[in-house]
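Engineer: Under our numbering, read the sequence shown as residues 1318 to 1449, first letter to last.
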Amino acid sequence: MAVKAMPETGLMVSIKRLLSTLIAIASTRLELLANELHEERLHLEQMLLYFLLALFCIGMSIMLLTVFVVVLFWDDHRLAVLGGAAAVFLMLGMVLVSKLRMLARLKSRLFSVSLTELSKDKEQLGGGNGAA
């Protein structure tokens, strides 16, 4: 004897639709999160490349400029020029380290779009009343 399947009631259909919607929302949010991670990675790689190229070029120009100034004052004040150049580079290095520390303390915007979308979803599903 064959077993007859029970017809789905309105409640079961609603629950299935709700679960399907929740799965679709979660899937969309995960895709958005993966996209943000990929964009952030590409942005950081590009910044690192330009940083390294700029660091190389600036380092070479500083070295050549220092050699030029030392050779220019070779007969009279070569030690004073070397000491002054060392002091200037030390001060610049200290300023750059303090700037780097300040930048390290700044908050990242990573996942800001995902968090905004999740808060919108929470409000639309009725969870935006502040009760967690």
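Positions of the beta carbon are idealized from the N, C-alpha and C atoms, including for glycine.
Note that the structure is a prediction, hence the values are computed from the model and not measured.
Throw me the rounded Cβ distance for the L1370 and S1431 pair, which I believe falls under 8 Å.
Structural biologist: About 32 Å separates the two Cβ atoms, so there is no contact after all.
Engineer: DSSP three-state label for K1424, please.
Structural biologist: In the structure shown, K1424 sits in coil (DSSP, three-state: anything other than H, G, I, E or B).
Engineer: Does D1392 come out as helix, strand or coil in the three-state DSSP assignment?
Structural biologist: Correct three-state label for D1392: coil.
Engineer: Among residues of its own chain, excluding the 5 on either side of R1346, which ones have a beta-carbon nearer than 8 Å to its beta-carbon?
Structural biologist: Result list for R1346: S1431, E1434, L1435, D1438, in chain order.
Engineer: Please say whether V1412 and A1402 have beta carbons closer to each other than 9 Å?
Structural biologist: Result no, Cβ atoms of A1402 and V1412 do not sit closer than 9 Å.
Engineer: What is the C-beta distance between V1384 and F1390, in whole angstroms, given that I count them as a contact (C-beta under 8 Å)?
Structural biologist: Contact doesn't hold; Cβ gap of about 12 Å is too wide.
Engineer: Whole angstroms is fine: what's the gap from Q1441's alpha carbon to S1344's?
Structural biologist: One C-alpha to the other measures close to 17 Å.
Engineer: Could you tell me the alpha carbon to alpha carbon distance between A1449 and S1429, rounded to whole angstroms?
Structural biologist: Low confidence applies here, because A1449 scores a pLDDT of 42, under 50, leaving its location unreliable; read the following figure in that light. Rounded to the nearest angstrom, the two C-alpha atoms are 20 Å apart.
Engineer: Out of S1337, H1394, D1392, I1379, which one is the CA nearest neighbour of L1409?
Structural biologist: Closest option to L1409, Cα to Cα, is I1379.
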